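A.B. asks: Can you read through this structure? Questions will come right after.
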Amino acid sequence: MGVGKAIAVLTSGGDAQGMNAAVRATVRVGIYTGAKVYFVHEGYQGLVDGGDNIRQATWESVSMMLQLGGTVIGSARCQDFRSKEGRAKAACNLVKLGITNLCVIGGDGSLTGANEFRNEWSELLQILLKAGKITAEEAKHSSHLNIVGMVGSIDNDFCGTDMTIGTDSALHRIMEVVDAITTTVQSHQRAFILEVMGRHCGYLALVTALACGADWVFIPEMPPDEGWEDHLCRRLTYQRSIGNRLNVIIVAEGALDHHGKPITCDIIKNLVTKKLSFDTRATILGHVQRGGTPSAFDRILGSRMGVEAVMALLEATPDTPACVVSLSGNMAVRLPLMECVQVTKEVTKAMAEGRFEEAVKLRGKSFENNWNTYKLLAHVTAPDVKSNINIAIMNVGAPCAGMNAAVRSAIRIGILQGHSMLAVHDGFDGLAHGAIEPMTWGYVGGWTGKGGSNLGTKRSLPARMIEEISLNIAKFNIHALVIIGGFEAFVGGLELVTAREKYEELCIPLVVIPATVSNNIPGSDFSIGADTALNTITTTCDRIKQSAAGTKRRVFIIETMGGYYSVCLIWHGRLAAGADAAYIYEEQFGIHDLETNVEHLLEKMKTTVKRGLILRNEKCNANYTTDFIFNLYSEEGKGVFDCRKNVLGHMQQGGTPTPFDRNFGTKMGAKAVLWLTEKLKECYRHGRIFANTPDSACVLVMKKRATIFQPLSDLKEDTDSEHRIPKTQWWLKLRPILKILAKYKISLDTSETATMEHVIKKRGTV
Numbered sequence: 200m201g202v203g204k205a206i207a208v209l210t211s212g213g214d215a216q217g218m219n220a221a222v223r224a225t226v227r228v229g230i231y232t233g234a235k236v237y238f239v240h241e242g243y244q245g246l247v248d249g250g251d252n253i254r255q256a257t258w259e260s261v262s263m264m265l266q267l268g269g270t271v272i273g274s275a276r277c278q279d280f281r282s283k284e285g286r287a288k289a290a291c292n293l294v295k296l297g298i299t300n301l302c303v304i305g306g307d308g309s310l311t312g313a314n315e316f317r318n319e320w321s322e323l324l325q326i327l328l329k330a331g332k333i334t335a336e337e338a339k340h341s342s343h344l345n346i347v348g349m350v351g352s353i354d355n356d357f358c359g360t361d362m363t364i365g366t367d368s369a370l371h372r373i374m375e376v377v378d379a380i381t382t383t384v385q386s387h388q389r390a391f392i393l394e395v396m397g398r399h400c401g402y403l404a405l406v407t408a409l410a411c412g413a414d415w416v417f418i419p420e421m422p423p424d425e426g427w428e429d430h431l432c433r434r435l436t437y438q439r440s441i442g443n444r445l446n447v448i449i450v451a452e453g454a455l456d457h458h459g460k461p462i463t464c465d466i467i468k469n470l471v472t473k474k475l476s477f478d479t480r481a482t483i484l485g486h487v488q489r490g491g492t493p494s495a496f497d498r499i500l501g502s503r504m505g506v507e508a509v510m511a512l513l514e515a516t517p518d519t520p521a522c523v524v525s526l527s528g529n530m531a532v533r534l535p536l537m538e539c540v541q542v543t544k545e546v547t548k549a550m551a552e553g554r555f556e557e558a559v560k561l562r563g564k565s566f567e568n569n570w571n572t573y574k575l576l577a578h579v580t581a582p583d584v585k586s587n588i589n590i591a592i593m594n595v596g597a598p599c600a601g602m603n604a605a606v607r608s609a610i611r612i613g614i615l616q617g618h619s620m621l622a623v624h625d626g627f628d629g630l631a632h633g634a635i636e637p638m639t640w641g642y643v644g645g646w647t648g649k650g651g652s653n654l655g656t657k658r659s660l661p662a663r664m665i666e667e668i669s670l671n672i673a674k675f676n677i678h679a680l681v682i683i684g685g686f687e688a689f690v691g692g693l694e695l696v697t698a699r700e701k702y703e704e705l706c707i708p709l710v711v712i713p714a715t716v717s718n719n720i721p722g723s724d725f726s727i728g729a730d731t732a733l734n735t736i737t738t739t740c741d742r743i744k745q746s747a748a749g750t751k752r753r754v755f756i757i758e759t760m761g762g763y764y765s766v767c768l769i770w771h772g773r774l775a776a777g778a779d780a781a782y783i784y785e786e787q788f789g790i791h792d793l794e795t796n797v798e799h800l801l802e803k804m805k806t807t808v809k810r811g812l813i814l815r816n817e818k819c820n821a822n823y824t825t826d827f828i829f830n831l832y833s834e835e836g837k838g839v840f841d842c843r844k845n846v847l848g849h850m851q852q853g854g855t856p857t858p859f860d861r862n863f864g865t866k867m868g869a870k871a872v873l874w875l876t877e878k879l880k881e882c883y884r885h886g887r888i889f890a891n892t893p894d895s896a897c898v899l900v901m902k903k904r905a906t907i908f909q910p911l912s913d914l915k916e917d918t919d920s921e922h923r924i925p926k927t928q929w930w931l932k933l934r935p936i937l938k939i940l941a942k943y944k945i946s947l948d949t950s951e952t953a954t955m956e957h958v959i960k961k962r963g964t965v
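Under my numbering, read the sequence shown as residues 200 to 965, first letter to last.
In structure tokens form, the structure reads like this:
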């Protein structure tokens, strides 16, 4: 596709973690297609200045770039590019090198500038021709310029994409600080105010508030109501009265009141100190949020967007509008660049005119869902009238990070709905043996940031103790059930549904929330806990690669968890860590494949990149074990490279949940209980609850761009029960990308590349 073509890639505006992953993918996929790829150093300034600022990239020049924060090729604010004279210089530099494809990674200002550059291209060529700076032949060869943008911004302030490159990493930095400060604040019973970036967009503040269970959040899109000062003080006082030892307030740097006056850390600190006499501390994070290593999510996002950007450039025609590649759910999409910019400007206009509800909607579904979940969990008191409904919640299967966030959210939303919430300890064993207790609002305080399962969890299935379970459901008058867990939770839910024919007590609505590092729940593209496990793998691989790079000529074989379903952890781990090969159960391999991988590494050791990284799932093959592969590589690489092995084990299940898993767990828990509340109304007949239809027992799944409730019985056909995996796995489509980025000579199927969509029609609000 790329033979005879040239692509230039630049980063502009503020830096963001994950930009390097996007640059790396653009370079490597561009080279793979046969195109020449050029770095433009120092953003638009480098484009204007030319010379050594525009250099041809090689495969090795982007090695060891994946795990670096910021942007290796540099970024700069450029006044020269704002003038037509400066843009003419930039055009001349591109024409002389035969570059007609430009990939810009930056914010809305940078992308708007790129679009203006493209629109003026013909005019700029005429200026250069008249000045004698280019020949007619050069002008003909470069008759049009293709532009594709990738949004790099930690603020997540660009409409049309769920997440911009750098946002997830910024949230990691923020939560690291919040977790660290929380321990000292709790020790002294203090109030803690944290200001995060977000001059015009409150996404970082909003998600931080959800992820840490903050008492209050101030964001530009939704100023607090009149009299917020008294409301805030009442809320903080109430939290102390129920036993909370700390108060957390999150402020976006651009937060305003309804009169347009700034709400700062100092204003809030003085208010809390004077009115409540609370010992209060304020912290302004600043540029700490931009720094550090990119998260696994940002590496994967940048890599996937880079691949899609190259495809979009090479498929473009003179009539194709400049586009931005972005993320919608788990799908890469292409959107007209200026439509996205238009909607982004509409948000600013809506806020300036006081249309705050509209501003929240214009931000997109992701922002709106976060805001609605925050509103459900904050600033609300429990109703005086109880519903007389008892909802039990339990964890089943192996523990994972984010389970506690889902439990906390479900319990608090249930209490706000007027329900009595019951905790079942130790999974189905606890349900059978009566290990059930009522839960209060304060009991789950601080659970969001805790790893593992505070309720306790076991892998036992209900079939062998179904009678005891039915008796306890009747004894504790349980009207609905929330099951949070992995494959055992899914199978256990199916067994309860099957037993409904014999035990009427089991005819109650139930919902399964996928929570497992294995990510093997049928029907769901993603599970709570998988992101934390993926970041654990990525961090470990970074350290191992650093060791390998230092010692030279060393290959590491790393074994990961995931049972038979390893695509999520292994393939995304490979993409985020830049591994050379990965062995999984879903992709059968033999001795010839192992031989190919060894030969690939032998060739790699002849380059400047003298290190290797191999990932192996624990159950990928009964015969080709980690020890076998280690011994094979050691023998075949003798004299060229040596080998080391590392088994990650249960460290993947532990640790503090990532911001994604905290936020995901919080939203899934809330959605589950709200769905049960409506389902209970449908199932109330003749003075009692009776649910025996397929749609009364569902899995809350994340599917492409939405979360949906799918009946357990419908998913039975999509389940490989023997190997505990779903039969359809969308992750497998990423395999060719991973092999290309590792320099394997394979064919890339371009039949499923993203098509151009329209953000205005998609949002339906402009």
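Note that CB positions come from ideal geometry on N, CA and C, so glycine has one too.
This structure is a prediction, so every number in the text was calculated from the model and none was measured.
Rounded to whole angstroms, how far is the Cβ of G650 from the Cβ of P858, which I believe are closer than 8 Å?
C.D. replies: By one-based count along the sequence shown, residue 650 stands at place 451. By one-based count along the sequence shown, residue 858 stands at place 659. About 13 Å separates the two Cβ atoms, so there is no contact after all.
A.B. asks: Report the residue from S717, R663, D724 and G728 whose alpha carbon sits nearest the alpha carbon of T697.
C.D. replies: In the sequence shown, residue 697 corresponds to position 498, counting from 1. Checking every option, the nearest Cα to that of T697 belongs to R663.
A.B. asks: Residue ranges of each beta strand (DSSP E) run of no fewer than 3 residues wholly in the region 334-394, ordered along the chain?
C.D. replies: Listed in chain order, they are 345-350.
A.B. asks: Given a cut-off of 8 Å on the beta-carbon distance, is the pair Y402 and F566 in contact?
C.D. replies: Mapped onto the sequence shown, residue 402 falls at position 203. Mapped onto the sequence shown, residue 566 falls at position 367. In contact: Y402 and F566 (Cβ atoms closer than 8 Å).
A.B. asks: Give the list of continuous alpha helix (DSSP H) stretches no shorter than 4 residues that lie fully inside the region 865-927.
C.D. replies: Counting only runs of 4 or more, we get 911-914.
A.B. asks: Have a look at the DSSP bridge pairing and note the partners of K295.
C.D. replies: For the purposes of this step, residue 295 is taken as the residue at position 96 of the sequence shown. Bridge partners of K295: none, in fact.
A.B. asks: Just to confirm the assignment: which complete alpha helix (DSSP H) runs, minimum length 4, are found wholly within the region 597-632?
C.D. replies: As far as the region 597-632 is concerned, its whole alpha helix (DSSP H) runs of at least 4 residues are 602-615 and 626-632.
A.B. asks: Would you tell me roughly how many angstroms separate the C-alpha atoms of A369 and I467, rounded to the nearest one?
C.D. replies: To locate residue 369, count along the sequence shown from 1; it is residue 170. To locate residue 467, count along the sequence shown from 1; it is residue 268. Whole-angstrom Cα-Cα distance: 24 Å.
A.B. asks: Hey, A871 and V559 are a contact pair by Cβ (cut 8 Å); roughly how many whole angstroms apart?
C.D. replies: The residue you call residue 871 lines up with position 672 of the sequence shown. The residue you call residue 559 lines up with position 360 of the sequence shown. A871 to V559, Cβ: 23 Å. No contact.
A.B. asks: In whole angstroms, give me the CA-to-CA distance for T299 and G201.
C.D. replies: What you label residue 299 is simply residue 100 of the sequence shown in a count that begins at 1. What you label residue 201 is simply residue 2 of the sequence shown in a count that begins at 1. Cα to Cα, the separation comes out at about 12 Å.
A.B. asks: Check Q541 in the structure and name its three-state DSSP category.
C.D. replies: On the sequence shown, position 342 is the one that residue 541 refers to. Reduced to three states, the DSSP call for Q541 is helix.
A.B. asks: Using the rule of at least 16 other Cβ atoms within 10 Å of the residue's Cβ for burial, across every protein chain shown, is Q325 buried or exposed?
C.D. replies: Counting from one through the sequence shown, the residue named residue 325 turns up at place 126. Burial call: exposed.
A.B. asks: Figure out for me which residue from L475, A390 and V643 has the closest Cα to the Cα of C155.
C.D. replies: Residue 155 lies beyond the stretch modelled for the chain, which goes from 200 to 965, so this question has no answer here.
A.B. asks: With a threshold of 16 other CB atoms inside 10 Å of the CB of F889, please say whether the residue is buried or exposed.
C.D. replies: Here residue 889 refers to the residue found at position 690 of the sequence shown. The residue is exposed, with fewer than 16 neighbouring Cβ atoms inside 10 Å.
A.B. asks: Among the residues of its own chain, which have a CB less than 6 Å from the CB of A481, if the five just before and after it don't count?
C.D. replies: Within the sequence shown, numbered from 1, the residue matching residue 481 stands at position 282. Here the set comprises I392, C464 and K468.
A.B. asks: Only counting the same chain, and skipping five residues up and downstream in sequence, which positions put a Cβ closer than 8 Å to that of G692?
C.D. replies: Here residue 692 refers to the residue found at position 493 of the sequence shown. Closer than 8 Å at the Cβ level, and outside the excluded window around G692, lie I682, L709, V711, A896, V898 and L911.
A.B. asks: With distances taken between CB atoms, is the gap from T479 to A390 smaller than 8 Å?
C.D. replies: For the purposes of this step, residue 479 is identified with residue 280 of the sequence shown, where counting begins at 1. For the purposes of this step, residue 390 is identified with residue 191 of the sequence shown, where counting begins at 1. Contact flag set, yes.
A.B. asks: Can you give me the start and stop residues for the alpha helix (DSSP H) that D248 sits inside?
C.D. replies: Taking the sequence shown and counting its residues from 1, one reaches residue 248 at position 49. Start and end: G242 to D248.
A.B. asks: Out of curiosity, what's the CA-to-CA distance linking A780 and L831?
C.D. replies: The count along the sequence shown starts at 1 and reaches residue 780 at position 581. The count along the sequence shown starts at 1 and reaches residue 831 at position 632. So the two alpha carbons sit approximately 14 Å from each other.
A.B. asks: If you check the beta carbons only, do Q216 and G285 fall under 8 Å apart?
C.D. replies: The residue labelled residue 216 in the question sits at position 17 within the sequence shown. The residue labelled residue 285 in the question sits at position 86 within the sequence shown. No, these two residues do not count as a Cβ contact at 8 Å.
A.B. asks: So I743 and I813 are in contact, right, with Cβ under 8 Å, and what is the actual spacing, rounded?
C.D. replies: Within the sequence shown, residue 743 is the residue found at index 544, counting from 1. Within the sequence shown, residue 813 is the residue found at index 614, counting from 1. Not a contact, Cβ separation roughly 11 Å.
A.B. asks: Looking only at its chain, what residues have a beta carbon closer than 7 Å to the beta carbon of V690, apart from the 5 residues adjacent to it on each side?
C.D. replies: The residue labelled residue 690 in the question sits at position 491 within the sequence shown. Closer than 7 Å at the Cβ level, and outside the excluded window around V690, lie L660.
A.B. asks: Can you list, in chain order, the residues of its chain whose CB lies under 7 Å from that of P416, leaving out five sequence neighbours each side?
C.D. replies: In the sequence shown, the residue the question calls residue 416 occupies position 217. It should be pointed out that residue 416 corresponds to Val in this sequence rather than to Pro. Only A404, L405, A408, I449 and Y573 meet the Cβ criterion.
A.B. asks: So what does R480 bridge to, in DSSP terms?
C.D. replies: Working through the sequence shown from its first residue, we reach residue 480 at position 281. The partner list for R480 (beta bridge, DSSP) reads F391.
A.B. asks: Decide if K944 is buried, meaning its Cβ has at least 16 other Cβ atoms within 10 Å, or exposed.
C.D. replies: Position 745 of the sequence shown, counted from the first residue, corresponds to residue 944. Exposed.
A.B. asks: Give me, in chain order, the residues of the same chain whose beta-carbon lies closer than 7 Å to that of H399; leave out the 5 immediate sequence neighbours on both sides.
C.D. replies: Indexing the sequence shown from 1 puts residue 399 at position 200. Only D356, P419, G453 and T547 meet the Cβ criterion.
A.B. asks: Skipping 5 residues on each side, what residues in its chain have a beta carbon closer than 7 Å to that of A508?
C.D. replies: Reading the sequence shown from its first residue, position 309 is the one you call residue 508. T225, C302, V347, M349 and V524, listed in sequence order.
A.B. asks: I'd like to confirm the pairing. Which residues does DSSP put opposite A780 in its beta bridges?
C.D. replies: Your numbering for residue 780 matches position 581 in the sequence shown. Looking at the DSSP assignment, A780 forms a beta bridge with I813.
A.B. asks: Between which two residues does the alpha helix (DSSP H) containing N830 stretch?
C.D. replies: As a position in the sequence shown, residue 830 is number 631, starting the count at 1. Segment T825 to E835, the alpha helix (DSSP H) holding N830.
A.B. asks: Which residues in the same chain have their Cβ closer than 7 Å to the Cβ of H387, if we skip the five residues on either side of it in sequence?
C.D. replies: Against the sequence shown, residue 387 aligns to sequence position 188. The answer, listed in chain order, is D478.
A.B. asks: Determine the direct distance from the alpha carbon of T739 to that of G306, and round the result to whole angstroms.
C.D. replies: The sequence position of residue 306 within the sequence shown is 107, counting from 1. The sequence position of residue 739 within the sequence shown is 540, counting from 1. So the two alpha carbons sit approximately 31 Å from each other.
A.B. asks: Between which two residues does the beta strand (DSSP E) harbouring I253 extend?
C.D. replies: As a first step, residue 253 must be located in the sequence shown, where it is residue number 54. Per DSSP, I253 belongs to the beta strand (DSSP E) from I253 to Q255.
A.B. asks: Can you confirm whether the region 711-721 touches the region 634-642 when touching is taken to mean that 3 or more C-beta pairs between the two stretches lie within less than 8 Å?
C.D. replies: Contact between the region 634-642 and the region 711-721 is absent, because fewer than three Cβ pairs lie under 8 Å.
A.B. asks: Figure out for me which residue from M374, V808, G868 and I727 has the closest Cα to the Cα of M263.
C.D. replies: Residue numbering aside, residue 263 sits at position 64 when the sequence shown is read from its first letter. It is V808.
A.B. asks: In angstroms, rounded to a whole number, what distance separates the CA positions of I380 and L445?
C.D. replies: To locate residue 380, count along the sequence shown from 1; it is residue 181. To locate residue 445, count along the sequence shown from 1; it is residue 246. I380 and L445: Cα-Cα distance of roughly 11 Å.
A.B. asks: Quick one: Cα of L293 to Cα of Q851, how far?
C.D. replies: Numbered from its first residue, the sequence shown carries residue 293 at position 94. Numbered from its first residue, the sequence shown carries residue 851 at position 652. The straight-line gap from Cα to Cα measures roughly 47 Å.
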